[in-house]
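K.L.:
My questions all concern the structure below.
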Amino acid sequence: MKITIFGSGYVGLVTGACLSDAGNDVMCVDIDAQKIAQLNDGVVPIYEPGLDELIRINKEAGRITFTTDIDSGVAHGLFQFIAVGTPPDEDGSADLQYVLAVAKSIGERLAEYRVVIDKSTVPVGTADKVHAAIQKELDLRGVNHEFDVVSNPEFLKEGDAIGDFMKPDRIVVGTDNPRTSELLKTLYAPFNRNHDRMIVMDIRSAELTKYAANAMLATKISFMNELANIAERVDADIEMVRQGIGSDSRIGYSFIYPGAGYGGSCFPKDVQALARTAGQFDYKAELLDAVESVNARQKSLLFNKIMSHFDGDLKGRTFAVWGLSFKPNTDDMREAPSRVLLESLWGKGAKVKAFDPQAAEEVQRIYGRRDDLIVCDSADDALIEADALVVVTEWKAFRSPDFDQLKKELKNPVIFDGRNIFDPHILENEGFVYYGIGRGASIY
Ligand SMILES: NC(=O)c1ccc[n+]([C@@H]2O[C@H](COP(=O)([O-])OP(=O)(O)OC[C@H]3O[C@@H](n4cnc5c(N)ncnc54)[C@H](O)[C@@H]3O)[C@@H](O)[C@H]2O)c1
Numbered sequence: 001m002k003i004t005i006f007g008s009g010y011v012g013l014v015t016g017a018c019l020s021d022a023g024n025d026v027m028c029v030d031i032d033a034q035k036i037a038q039l040n041d042g043v044v045p046i047y048e049p050g051l052d053e054l055i056r057i058n059k060e061a062g063r064i065t066f067t068t069d070i071d072s073g074v075a076h077g078l079f080q081f082i083a084v085g086t087p088p089d090e091d092g093s094a095d096l097q098y099v100l101a102v103a104k105s106i107g108e109r110l111a112e113y114r115v116v117i118d119k120s121t122v123p124v125g126t127a128d129k130v131h132a133a134i135q136k137e138l139d140l141r142g143v144n145h146e147f148d149v150v151s152n153p154e155f156l157k158e159g160d161a162i163g164d165f166m167k168p169d170r171i172v173v174g175t176d177n178p179r180t181s182e183l184l185k186t187l188y189a190p191f192n193r194n195h196d197r198m199i200v201m202d203i204r205s206a207e208l209t210k211y212a213a214n215a216m217l218a219t220k221i222s223f224m225n226e227l228a229n230i231a232e233r234v235d236a237d238i239e240m241v242r243q244g245i246g247s248d249s250r251i252g253y254s255f256i257y258p259g260a261g262y263g264g265s266c267f268p269k270d271v272q273a274l275a276r277t278a279g280q281f282d283y284k285a286e287l288l289d290a291v292e293s294v295n296a297r298q299k300s301l302l303f304n305k306i307m308s309h310f311d312g313d314l315k316g317r318t319f320a321v322w323g324l325s326f327k328p329n330t331d332d333m334r335e336a337p338s339r340v341l342l343e344s345l346w347g348k349g350a351k352v353k354a355f356d357p358q359a360a361e362e363v364q365r366i367y368g369r370r371d372d373l374i375v376c377d378s379a380d381d382a383l384i385e386a387d388a389l390v391v392v393t394e395w396k397a398f399r400s401p402d403f404d405q406l407k408k409e410l411k412n413p414v415i416f417d418g419r420n421i422f423d424p425h426i427l428e429n430e431g432f433v434y435y436g437i438g439r440g441a442s443i444y
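In my numbering, the protein residues as written are 1 to 444.
The structure is reproduced here in structure tokens:
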């Protein structure tokens with residue numbers, strides 16, 4: 001099948017790579033000429049496990065191409081995916097300018113039947129706007145070509161995106177037209193062989209389903225962080241509580257890890273956008289507002305603990321920071337808790353020696369070169385002459401360090417563990433001062 005995908009970011013590239021791997025003929029279109037040049041040179045501009053290999057194989061087989069040429073893109077695919085960004089507007093609502101720009105581009109060129117598939121995360125009612133934007137261009141041109149607009153939200157998670165796309169829990173399709181639902185059934189058949197994972201519904205429900213999923217996951221995290229902060233005050237250990245409630249099958253173990261707050265390109269903006277949509281319909285989404293404010297507070301927690309340990313005097317101190325990406329297995333630092341920490345430390349005159357297995361280039365891209373940021377080549381390098389170690393992202397490689405070495409390198413044996421990856425009792429026996437998240441007052 002011929003497929004065009006507008007937007008070659010995390011979602012567009014993963015969608016393109018996986019659909020081409022199933023034998024389709026995929027054309028990826030992006031307005032970022034540098035990105036497209038890189039992709040044509042065989043360089044994948046983001047880190048996502050397995051993605052570069054999948055793109056390489058399918059590029060060599062001629063099943064995936066990359067271009068900035070919108071004319072070719074609209075002419076190519078029966079299926080026209082929109083997978084561009086929907087960043088937060090100034091008021092927190094989703095900024096639809098990129099989505100609607102693609103719709104306009106399609107309308108300006110549409111010459112035969114097309115299925116326009118909205119994969120970006122967009123507020124309820126966006127499919128109508130996309131439809132109207134395309135129709136407007138057809139009217140201006142005085143032509144009348146058929147097209148359908150479908151909502152097909154993406155649920156992949158960065159770090160395991162290919163697995164999620166290849167073996168999805170569900171494929172949500174929002175359409176009011178049986179013809180398009182049949183076409184999408186055919187398109188997704190290779191990913192649907194084991195059992196039917198496609199859930200077809202009306203367009204508005206599909207659009208809301210994506211926000212509901214992200215808001216639910218964000219709520220679980222903020223709930224657990226709230227509990228962790230209570231545990232800390234009442235001298236309980238949140239890790240015991242986590243196991244105690246996770247064992248309840250109605251609750252489950254996933255997404256109940258306390259930590260330094262959620263980040264990334266999705267949860268923060270989607271929770272805000274959903275609350276904003278609710279507001280536009282005269283409903284105050286109090287739970288969603290609380291989920292966000294608990295998270296904002298949590299992102300400052302590590303810094304507050306550091307301040308309290310060093311009596312508010314961080315000037316001239318150096319901190320080893322392990323982990324910069326918003327979660328392991330990605331280089332994505334959008335809304336990452338590490339950014340709040342780094343900026344707060346710098347604000348107090350401290351220096352940061354940071355190590356991340358994948359986000360070294362990204363942190364340098366965001367902050368540029370500065371004297372108070374040293375990006376290290378290894379976790380060990382970051383420790384040398386540091387006043388304390390702060391763990392912000394739970395990369396696997398950080399979980400079992402050589403604690404003797406760690407004590408030797410650090411100026412003070414102090415660890416701030418923003419993801420509870422270490423056992424406080426072992427560390428205390430090793431002579432460290434240990435700060436975790438919600439780990440009982442007696443061990444602070
Ligand atoms: N990243 C995730 O994990 C994830 C998961 C599910 C859903 N989503 C949603 O998918 C959408 C895309 O997210 P992303 O993380 O892939 O974004 P991204 O920022 O990584 O990529 C977006 C790409 O779109 C391109 N673009 C912008 N305008 C364009 C246009 N007119 N024509 C062609 N390309 C254009 C940009 O240059 C960029 O390369 C967002 O709505 C996001 O909320 C993201």
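Just so it is clear, CB atoms sit at the ideal spot from N, CA and C, and this is done for glycine as well.
Remember, it's a predicted structure, so these values are computed and weren't measured experimentally.
Check whether the Cβ atoms of valine 433 and proline 413 sit closer than 9 Å, and answer yes or no.
P.N.:
For valine 433 and proline 413, yes; Cβs fall inside 9 Å.
K.L.:
Would you kindly work out how many angstroms separate the C-alpha atoms of alanine 354 and lysine 315, rounded to a whole number?
P.N.:
Approximately 18 Å between the Cα atoms of the pair.
K.L.:
For glutamate 226, collect the residues of the same chain with a Cβ closer than 6 Å to its Cβ; drop the 5 residues on either side in sequence, then sort them by chain order.
P.N.:
If we look at glutamate 226 and ignore the five residues flanking it on each side, its Cβ neighbours are Val294.
K.L.:
Tell me which same chain residues have a C-beta within less than 6 Å of the C-beta of isoleucine 3, skipping the five on either side of it?
P.N.:
Leu19, Asn24, Val26, Gly77 and Phe79, listed in sequence order.
K.L.:
Indicate the three-state DSSP secondary structure (helix, strand or coil) for glycine 347 in the structure shown.
P.N.:
Helix, per DSSP.
K.L.:
Start and end of the alpha helix (DSSP H) containing tyrosine 10?
P.N.:
Note, tyrosine 10: alpha helix (DSSP H), 10-21.
K.L.:
When a residue counts only if its C-beta is closer than 6 Å to some heavy atom of ligand 1, which residues count, in chain order?
P.N.:
In chain order, the hits are Phe6, Gly7, Ser8, Gly9, Tyr10, Val11, Gly12, Val29, Asp30, Ile31, Asp32, Lys35, Ala83, Val84, Gly85, Thr86, Tyr98, Ala101, Val102, Ser120, Thr121, Glu154, Leu156, Glu158, Ser265 and Cys266.
K.L.:
How would you call phenylalanine 281, buried or exposed, if buried means at least 16 neighbouring beta carbons within 10 angstroms?
P.N.:
So phenylalanine 281 counts as exposed.
K.L.:
Quick check on aspartate 95: does DSSP put it in helix, strand or coil?
P.N.:
Three-state result, aspartate 95: coil.
K.L.:
With 16 other CB atoms within 10 Å as the buried threshold, where does methionine 224 fall?
P.N.:
Buried.
K.L.:
Under 9 Å, Cβ to Cβ, is there at least one residue of chain D near aspartate 248?
P.N.:
No chain D appears in this structure, which consists of one protein chain only.
K.L.:
With which residues is valine 294 paired in a DSSP beta bridge?
P.N.:
Valine 294 pairs with nothing; no bridge assigned.
K.L.:
Would you mind sorting glycine 125 into buried or exposed? The rule is 16 or more other CB atoms within 10 Å of its CB.
P.N.:
Exposed, because fewer than 16 other Cβ atoms sit within 10 Å of the Cβ of glycine 125.
K.L.:
Which ranges would you report for the alpha helix (DSSP H) in the segment 325-381 if only whole runs of at least 4 residues count?
P.N.:
Fully enclosed alpha helix (DSSP H) runs of 4 or longer: 337-347 and 360-367.
K.L.:
Check for me: the beta strand (DSSP E) holding tyrosine 434 runs from which residue to which?
P.N.:
Tyrosine 434 -> beta strand (DSSP E) spans 433-435.
K.L.:
Can you give the Cα-Cα distance for lysine 269 and valine 11, rounded to whole angstroms?
P.N.:
Going from the Cα of lysine 269 to the Cα of valine 11 covers about 16 Å.
K.L.:
For glycine 312, count neighbouring Cβ atoms within 10 angstroms of its own Cβ and tell me buried if that reaches 16, exposed if not.
P.N.:
It counts as exposed.
K.L.:
Measure from the alpha carbon of arginine 179 to the alpha carbon of each residue in Val122, Ala33, Ile162 and Val200, then state which is nearest.
P.N.:
Taking only the C-alpha atoms, the option nearest arginine 179 is Val200.
K.L.:
Please report the straight-line C-alpha distance between tyrosine 444 and aspartate 237, rounded to a whole angstrom.
P.N.:
Residue confidence for tyrosine 444 is low, a pLDDT of 43 falling below 50, so the modelled location carries little weight and cannot support an answer.
K.L.:
Does the segment 324-342 come within contact of the segment 273-292, defined as at least 3 CB pairs closer than 8 Å?
P.N.:
At 8 Å Cβ cutoff, the stretches do not touch.
K.L.:
Using only CA atoms, which one of Arg204, Arg370 and Gly436 lies nearest to isoleucine 306?
P.N.:
Nearest of Arg204, Arg370 and Gly436 to isoleucine 306, Cα basis: Gly436.
K.L.:
So, for lysine 411: in the same chain, excluding its five sequence neighbours on each side, which residues have a beta-carbon less than 7 Å away from its beta-carbon?
P.N.:
Contacts found: Glu385, Ala386 and Asp387.
K.L.:
Rounded to the nearest angstrom, what separates alanine 359 and isoleucine 46 at their Cα positions?
P.N.:
Rounded to the nearest angstrom, the two C-alpha atoms are 10 Å apart.
K.L.:
In terms of residues, what are the limits of the beta strand (DSSP E) holding serine 72?
P.N.:
Premise fails: serine 72 lies in the alpha helix (DSSP H), 70-76, not in any beta strand (DSSP E).
K.L.:
Under 6 Å Cβ to Cβ from glycine 261, same chain only, skipping five residues before and after it: list those, please.
P.N.:
Closer than 6 Å at the Cβ level, and outside the excluded window around glycine 261, lie Asn295, Gln298, Lys299 and Pro337.
K.L.:
Roughly how many angstroms lie between the CA atoms of alanine 231 and valine 241, to the nearest whole one?
P.N.:
Alanine 231 and valine 241: Cα-Cα distance of roughly 9 Å.
K.L.:
If you draw a straight line from the alpha carbon of glutamate 182 to that of phenylalanine 422, how long is it in whole angstroms?
P.N.:
Rounded to the nearest angstrom, the two C-alpha atoms are 51 Å apart.
K.L.:
As a quick exercise: from Ala61, Glu48 and Ala94, pick the residue whose alpha carbon is nearest that of aspartate 21.
P.N.:
When only C-alpha atoms are compared, the closest one is Ala61.
K.L.:
Is aspartate 235 helix, strand or coil by DSSP?
P.N.:
Looking at aspartate 235 - three-state DSSP - the assignment turns out to be coil, as it is neither helix nor strand.
K.L.:
Measure the Cβ-Cβ separation of valine 116 and alanine 103 and say whether it is below 9 Å.
P.N.:
Yes. Within cutoff.
K.L.:
Pick out whichever of Thr121, Glu108, Tyr113 and Asp91 has its Cα sitting closest to the Cα of valine 99.
P.N.:
Ranking Thr121, Glu108, Tyr113 and Asp91 by Cα distance to valine 99 puts Thr121 first.
K.L.:
Comparing C-alpha positions only, which one of Ile171, Asp202 and Asn177 sits nearest to leucine 187?
P.N.:
Ranking Ile171, Asp202 and Asn177 by Cα distance to leucine 187 puts Ile171 first.
K.L.:
Could you give the DSSP three-state label for isoleucine 415: helix, strand or coil?
P.N.:
Correct three-state label for isoleucine 415: strand.
K.L.:
Skipping 5 residues on each side, what residues in its chain have a beta carbon closer than 6 Å to that of glycine 9?
P.N.:
Within the same chain, glycine 9 has no close Cβ partners at all.
K.L.:
Would you check if there are 3 or more beta carbon pairs closer than 8 Å linking the segment 189-196 to the segment 158-171?
P.N.:
Touching, yes.
K.L.:
When the Cα atoms are used, what is the spatial distance from glutamine 364 to glutamate 343?
P.N.:
One C-alpha to the other measures close to 14 Å.
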